[in-house]
Amino acid sequence: MNGNSMDDTNSDKPVGKAVKPGHEAFMVADNVNVWYGDNHAIQDVSIEIQKNQVLALIGPSGCGKSTFLRCLNRMNDSIEIAKVTGLITLDGQDINSRDLDPVALRARVGMVFQKANPFPKSIYDNVAYGPRIHGLAANRAELDEIVYTSLERAGLLQEVKDRLNNPGTGLSGGQQQRLCIARTIAVNPEVILMDEPCSALDPIATARVEDLIDELSENYAIVIVTHSMQQAARMSQRTAYFHMGKLIEIDDTDKVFTNPQHKLTEDYITGRFG
Amino acid sequence: MMNSNLGQTTRHRVEASLKRRYAKERRFKAAGIAATFTGLAFLAIFFVNLVSQGTSAFQQTMISLEINFDRTALAPDGDVDPNADYEAVVRDSLRSLFPDVTDRRERRQLSSLLSVSASYDVKDMLAADPTLLGSTQTVWLSASANVDMVIKGNINRDVPQDLRTVSDLQLLWIDELLAAGRLEKKFNTALFTNGDSREPELAGIRGALMGTFYMLLVTIALAFPLGVAAAIYLEEFAPRNRWSDLIEVNINNLAAVPSIVFGLLGLAVFINWMSLPRSAPLVGGLVLSLLTLPVIIIASRAAIQAVPPSIKEAAFGLGASRMQVVFHHVLPLAMPGMLTGAIIGMARSLGETAPLLMIGMVAFIVDVPGSVTDPATALPVQIYLWADSPERAFAERTSAAIIVLLAFLLLMNLAAVLMRKRFEKRW
Ligand SMILES: Nc1ncnc2c1ncn2[C@@H]1O[C@H](COP(=O)(O)OP(=O)(O)O)[C@@H](O)[C@H]1O
Ligand SMILES: [Mg+2]
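Sequences listed follow chains A and B, in order.
If you're matching positions, the first sequence starts at 1 in our numbering and goes up one per residue.
If you're matching positions, the second sequence starts at 1001 in our numbering and goes up one per residue.
Structure (structure tokens):
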């Protein structure tokens, strides 16, 4: 099936083109390694993340997708046994350098989690929390503006505008996840990381969130971890396939799904394992 | 054929074993019920005993007398004289009811029907309302503890005179007063307004209650913020290593140290070394906060651990600092659990006696304390002191004090339960 004889599973170099021409690399991970104690969870991964694009990370569970994602906004800092090496830059700036505070980094690289996790506060306060702690609004009117536009862009405003003071935890699962997305974009980040954002949602809610991600990709660089290959195929421009902590293949999504270069990738997307 | 046979035997066997299984279940249930009811029965015996002995202390026998607020005797210069002979006024009034009693010994016996507080009550009454001067008023005055005990049926009239604290003559007078409607049991306000006293009818729990109040005030003011701060540091900031393990083990150990050891520590450190006053609620509160601190730390850590990590991750992911995560999210969610722990710790302190004995809070103190440095006792110590007194009237007061203590304990535990209910509803 694949013309190239690149089915050498021991190859250390990932196959495929790392950069799509015409887009600038906005976030670059170079030779990233992660250890959890003795467990070498991410091995020599280099990936470029581009503006106005969706990059999908796929691979069997436990292959390190979440771990890699969490490197990009230093969420692994709080795990004591985790050790991260390698260079990750955001707009040319080393995110692990002393000059860049993780707090400042996370305002620029937002994250949406697998399980919707609204704060046990009102819908309004959920969305307003980020702008409040970063001092993004000078007064109440500005804050209102941020909250309304964020909810609007998350496609949630129509459903909740009459009950902004109700608890966010009272919404349905899909609404909660869109609330979490609204909360993330309220800080106006440059990159949004999403870790299986639809895995707990029903198909209709999933479709809504996918549409939303599609719209958001016009303004943000998005990295999404997903276990659904259809979802990756539908939404992303580029796809990276991980296997046992290694990046096996990264290329345009069409190419990865129609003409995978690596045997492991092919096995995975044709459903032979994973 | 074979199959249906097999089905038959299975059914029979299941049915046979079913009976055994249910019998076993019934036996187990019966044992459980028996255990529960044994426990409840002991509790019931305890309460019935306590209430039957203690409730009478909430009433006190009073004698009604016609008091003549005579101008020449009580206000010779026109103004009320605080040093006038009020005792004589009260005595004369009682004697006028029994004009036949002339013998000096008998007269003394007659006067002793009244509490020593009677003359003070009359004095206070006049001081509060000087317009009473020159009038004669019917006044209910406290009877002595012996009269009180006779009225409450706690003194056996059938034994010979010298085996009881009340003479035949006094019994006669009591019966006469009773027949004339001059003896009545009224609500015992003295129990709640007075400090301790050698005279049972004057002894109250006010001093002990205030002592306990000031002590718990010091305890909660110290132990709660310290305990919560320690819990937050240990859970959210401290690195996990050998040191934090050591601290953890020590805190759990501290919670199990017998309270008297804390009392000795308080004696050595606060009184001998820091020269803080003996018998003061301040020192009692300090000792009790040492005692409560591990309880609050353990409860607070559990409350913090119960905060879902996903909430913390969400806040971190938005760029909240560690401080902000703790104060905006962890603390509000853990607060009810922390308060529950604090109340349980307080309830434990409320009943502590042993460490207070060590720091001198077992002294006989008449004055009601007005601050944390005044000498005081605490409610459980007061119970201990009264239980040690030989007078029959103190026995009922001991039970009454226990009832008050249990009522406070019940209130505190109720508050803790209600708080936990609210806490559970959140998720
Ligand atoms: N907090 C952690 N502590 C220790 N090991 C972890 C932790 N998180 C993930 N791992 C390990 O790292 C590897 C990759 O996990 P993860 O990134 O969650 O995989 P994926 O998201 O692809 O399913 C797994 O072997 C997992 O056991
Ligand atoms: Mg994962």
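Cβ coordinates follow ideal geometry from the N, Cα and C atoms, glycine included.
Asked: Opposing strand residues paired with residue 1025/B [DSSP bridges]; Found: The partner list for residue 1025/B (beta bridge, DSSP) is empty, contrary to what the question assumes.
Asked: Distance, residue 180/A Cα to residue 235/A Cα; Found: 19 Å
Asked: Interface partners of residue 1240/B on chain A, CB under 7 Å; Found: 80
Asked: The segment 195-213 of chain A contacting the segment 252-260 of chain A, beta-carbon criterion three pairs below 8 Å; Found: no
Asked: Endpoints, beta strand (DSSP E) assigned at residue 125/A; Found: First-last for residue 125/A: 123-134, but that is the alpha helix (DSSP H), not the beta strand (DSSP E).
Asked: Residue range of the unbroken alpha helix (DSSP H) whose run includes residue 160/A; Found: 157-160
Asked: Contact residues within the segment 196-213 of chain A, judged by C-beta distance below 9 Å to chain B; Found: none
Asked: Reduced DSSP category for residue 31/A - H, G, I as helix; E, B as strand; rest coil; Found: strand
Asked: Under 7 Å by beta carbon: chain B residues contacting residue 262/A; Found: Per Cβ cutoff of 7 Å: no residues; residue 262/A is ~32 Å from chain B at best.
Asked: Contact test: residue 77/A Cβ vs ligand 2 heavy atom, cutoff 7 Å; Found: no
Asked: Length-filtered (4 minimum) alpha helix (DSSP H) runs lying within the segment 1178-1230 of chain B; Found: 1190-1193
Asked: Distance cut-off 7 Å: residue 303/A Cβ against heavy atoms of ligand 1; Found: Outside the displayed span of chain A (1 to 274) sits residue 303/A, for which this structure offers no information.
Asked: Proximity of residue 1190/B and residue 1207/B at Cβ, strictly below 8 Å; Found: no
Asked: Beta carbon of residue 1343/B nearer than 8 Å to that of residue 1231/B; Found: no
Asked: Backbone CA spacing between residue 1167/B and residue 1338/B [nearest angstrom]; Found: 60 Å
Asked: Supposed close pair residue 1347/B, residue 1300/B - CB separation, criterion 8 Å; Found: About 16 Å separates the two Cβ atoms, so there is no contact after all.
Asked: Contact residues within the segment 133-165 of chain A, judged by C-beta distance below 9 Å to chain B; Found: 133, 134
Asked: Under 8 Å from the C-beta of residue 117/A: neighbouring residues of chain E; Found: Absent here is chain E; the protein component of the structure consists of chains A and B.
Asked: Residue burial classification, residue 1090/B (beta-carbon count within 10 angstroms, cutoff 16); Found: buried
Asked: Under 8 Å (Cβ pairs) to chain B, residues found in the segment 177-189 of chain A; Found: 180, 183, 184, 187
Asked: Interface flag, residue 39/A vs chain B, CB-CB below 8 Å; Found: no
Asked: Secondary structure of residue 1360/B, DSSP reduced to three states; Found: coil
Asked: Short Cβ contact (8 Å threshold) for residue 1145/B with residue 1184/B; Found: no
Asked: Assigned secondary structure, residue 52/A (DSSP; H/G/I helix, E/B strand, else coil); Found: coil
Asked: Separation of residue 1396/B from residue 1057/B, as counted between CA atoms; Found: 6 Å
Asked: CB contact check: residue 271/A to chain B, cutoff 8 Å; Found: no
Asked: Interface residues of chain B facing residue 223/A [CB-CB closer than 8 Å]; Found: Going along chain B, no residue has its Cβ under 8 Å from residue 223/A, so there is no contact; the nearest lies around 14 Å.
Asked: Where residue 1418/B falls, given that 16 or more other Cβ within 10 Å makes a residue buried; Found: exposed
Asked: Length at least 4, wholly inside the segment 1020-1086 of chain B: the alpha helix (DSSP H) runs in chain order; Found: 1071-1074
Asked: Touching by the beta-carbon criterion (3+ pairs, under 8 Å), the segment 1351-1369 of chain B and the segment 1261-1270 of chain B; Found: yes
Asked: Coarse secondary structure for residue 1279/B, derived from DSSP in three states; Found: coil
Asked: Segment limits, beta strand (DSSP E) that includes residue 164/A; Found: Premise fails: residue 164/A is in no beta strand (DSSP E) and is neither H nor E.
Asked: Short CB-CB distance (under 8 Å) between residue 130/A and chain B; Found: yes
Asked: As assigned by DSSP and simplified to three states, the class of residue 1328/B; Found: helix
Asked: Presumed contact (8 Å Cβ cut-off) between residue 123/A and residue 164/A, rounded CB distance; Found: 5 Å
Asked: Cβ distance (whole Å) where residue 108/A is taken to contact residue 189/A below 8 Å; Found: 5 Å
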